[in-house]
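Have a look at the structure below, then the notes.
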């Protein structure tokens, strides 16, 4: 497994001296243009790795490892120039857990200082997922609230039911059947 700083190291795991590249055991000078490219690649590498690590930290438990696309510099070192972190965006088992998961997904997507357009898309998807979970929670709470009210109030019988019962059972039976309004 690659370590975060590996792309910036020369042979034997030691940082390559600035302005020099390690080639086959000897050192050879690099042109100023090559040195500028190495500086740009090093800066990009740090930005990419920092960006992806932010996703991984905020998405702990939901995020997989980072994968990188590399470019080999004039010093024959690999520099990360793009990266991605996979994240589990499937709904959880219940609306409350799905809401919590959606909020974590959104936080992970927007964790880097400079979220990419793809990060923004994932955050928007997570916001929709959270909204749907909130609606489902509200619907469940409404049903549970109505059930609790019905159970607390006891049996309710409408006047129509009383009238039906009196007709069905015949006269004199309706007095045994009481109605609560």
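Numbering (the working numbering), first residue to last: 811 to 991. All residues carry an ideal CB built from backbone N, CA and C; glycine is no exception. Since the model is a prediction, treat every value here as computed from it, not as a measurement.
Residue ranges of each alpha helix (DSSP H) within the segment 860–940, 4 or longer: 905–919
Environment of residue 927 [buried if 16+ CB atoms lie within 10 Å]: exposed
Option nearest residue 929 by Cα separation, candidates 893, 910 and 887: 893
Short Cβ contact (8 angstroms threshold) for residue 943 with residue 916: no
Residue nearest to residue 1029 in terms of C-alpha spacing, selected from 883, 855, 841 and 862: This structure cannot speak to residue 1029, because the chain is shown only from 811 to 991.
Touch test, the segment 883–892 against the segment 845–862, Cβ-Cβ under 8 angstroms, three pairs minimum: Touching, yes, given that three or more Cβ pairs across the two stretches are closer than 8 angstroms.
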